[in-house]
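J.: Quick note: the sequence shown uses the numbering used here, first residue 5, plus one each step.
Glycine included, C-beta positions come from ideal geometry on N, C-alpha and C.
Just so we're clear, the structure is a prediction, and the values are computed from it rather than from any experiment.
Sharing a structure with you now.
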Amino acid sequence: MPDEISAEAVARNVQHTRECIAEAARRSGRAEDDICLVAVSKYLPPDSPMLDALADAGCNVFGESRPQHFLDKLEIWPRASDVEWHMIGHLQRNKVRKVLPHVAMIHSVDSLRLLEAIDRIAEEEGLAPRVLLEVNISGDASKHGFSPVELEQTLDAAAKFTHVQVQGLMGMSGLYSDAEAARWEFASLRELRDRCRADCPDNVVLNELSMGMSRDYEIAIEEGATLVRVGSSLYRE
Ligand SMILES: *Cc1c(COP(=O)(O)O)cnc(C)c1O
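Here is the structure:
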């Protein structure tokens with residue numbers, strides 16, 4: 005858990021991050037508005053004043069990785085319904101019903117069975133959740149996510165889903181990847197997306213690429229990220 009820092013420091017960090025996003029977008033000939041900053045709030049307890057500080061600094065998309073921590077924030081933080089929530093961590097099927105009505109996007113769909121559960125519950129609840137399929141781009145055994153072959157099979161299977169909207173891919177650079185390795189991993193995710201986009205089912209539109217965290221989001225933007233998930237660098241003094 006990060007030390008509590010002042011609201012001014014949070015605002016400074018958010019501002020700095022936005023400037024870095026804008027510069028990385030410019031370097032790669034893209035518009036700043038094409039990149040969504042997901043402020044990762046998973047480190048903060050539900051009563052943290054830093055949640056308000058993030059919202060006051062203009063953050064309107066928050067990322068959480070554990071369903072219970074997310075539900076606690078919905079219950080305790082008065083402004084939780086003013087922002088958009090994204091699930092970015094591994095989700096168990098038995099948690100889908102609880103979180104689905106409250107999330108705008110799930111970045112971390114890592115099995116066909118989970119995707120099936122999301123589609124079925126979305127139908128029952130009258131929802132149309134946006135999801136990304138997580139790909140294990142680094143090959144780290146500890147990471148969740150589809151292999152490229154599994155991804156193609158899952159996209160084929162996704163043709164039968166009527167409620168879930170598969171909108172793109174998510175990936176994380178390897179734990180031990182340096183900047184050069186991270187760039188290669190992000191580029192390979194983009195290329196995989198481009199290949200899959202060329203012949204995926206009509207109900208699947210792979211426009212989104214969620215990649216990059218505090219240490220490598222600028223590289224990720226240069227390689228095509230449309231969503232960056234930034235946490236720890238927002239909480240530095
Ligand atoms: C925690 C987390 C992040 C944010 O990481 P930082 O290094 O704190 O920026 C991004 N993505 C996922 C999936 C995470 O679990």
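Just curious, the beta strand (DSSP E) that Met-1 is in, first and last residue?
T.: Coverage of the chain is limited to positions 5 through 241, which leaves residue 1 absent and any answer about it impossible.
J.: Based on Cα-Cα distance, which residue from Met-109, Cys-24 and Ser-236 lies nearest to Ala-35?
T.: With distances taken between Cα atoms, Ala-35 lies closest to Cys-24.
J.: Check whether the region 113-133 and the region 177-191 touch, using three or more Cβ-Cβ pairs below 8 angstroms as the test.
T.: With a cut-off of 8 angstroms, the region 177-191 and the region 113-133 do not count as touching, because too few Cβ pairs lie within range.
J.: Quick one: residues in its chain with C-beta nearer than 8 angstroms to the C-beta of Asp-38, no 5 flanking neighbours on either side, listed in chain order?
T.: Here the set comprises Ala-29 and Thr-230.
J.: Taking the straight line between their C-alpha atoms, what separation do you get for Arg-83 and Asp-56?
T.: Their Cα atoms are separated by approximately 8 angstroms.
J.: Beta-carbon within less than 6 angstroms of Phe-66's beta-carbon, same chain only, minus the 5 sequence neighbours each way: which residues are those?
T.: Closer than 6 angstroms at Cβ, skipping near neighbours: Ala-43, Ser-45, Val-87 and Trp-89.
J.: I'd like the list of long-range same chain contacts for Ser-107, defined as Cβ closer than 6 angstroms, with 5 residues on each side in sequence excluded.
T.: At residue 107 the sequence reads Val, which differs from the Ser that was named. Excluding sequence neighbours, Val-107 sits near Trp-89 and Met-91.
J.: Would you decide whether Asp-220 is buried or exposed? Buried here means 16 or more other CB atoms lie within 10 Å of its CB.
T.: With 16 or more other Cβ atoms within 10 Å, it is buried.
J.: Leu-193 lies in the alpha helix (DSSP H); which residues open and close that run?
T.: That run of the alpha helix (DSSP H) goes 183-202.
J.: Would you call the region 185-199 in contact with the region 161-171, where contact means no fewer than 3 C-beta pairs closer than 8 angstroms?
T.: These segments do not touch.
J.: Who are the near neighbours of Gly-93 in its chain, counting only those whose CB is closer than 8 angstroms to its CB and skipping five residues on each side?
T.: So the list reads Lys-46, Glu-68, Ser-69, Arg-70 and Ser-112, once near-sequence residues are dropped.
J.: For Gln-19, does the three-state DSSP call read helix, strand or coil?
T.: Note: Gln-19 maps to helix in three-state DSSP.
J.: Please state if the CB of Asn-211 and the CB of Gly-172 are separated by a distance shorter than 8 angstroms.
T.: Contact flag set, yes.
J.: Just tell me which of Ser-236, Asn-207, Leu-155 and Gly-149 has its CA closest to the CA of Val-168.
T.: Val-168 has its Cα closest to that of Asn-207, out of Ser-236, Asn-207, Leu-155 and Gly-149.
J.: Where does Arg-240 sit, in a helix, a strand or coil, going by DSSP?
T.: Arg-240 falls in the coil class under three-state DSSP.
J.: So, with DSSP's three-state summary, where would you put His-73?
T.: Looking at His-73 - three-state DSSP - the assignment turns out to be helix.
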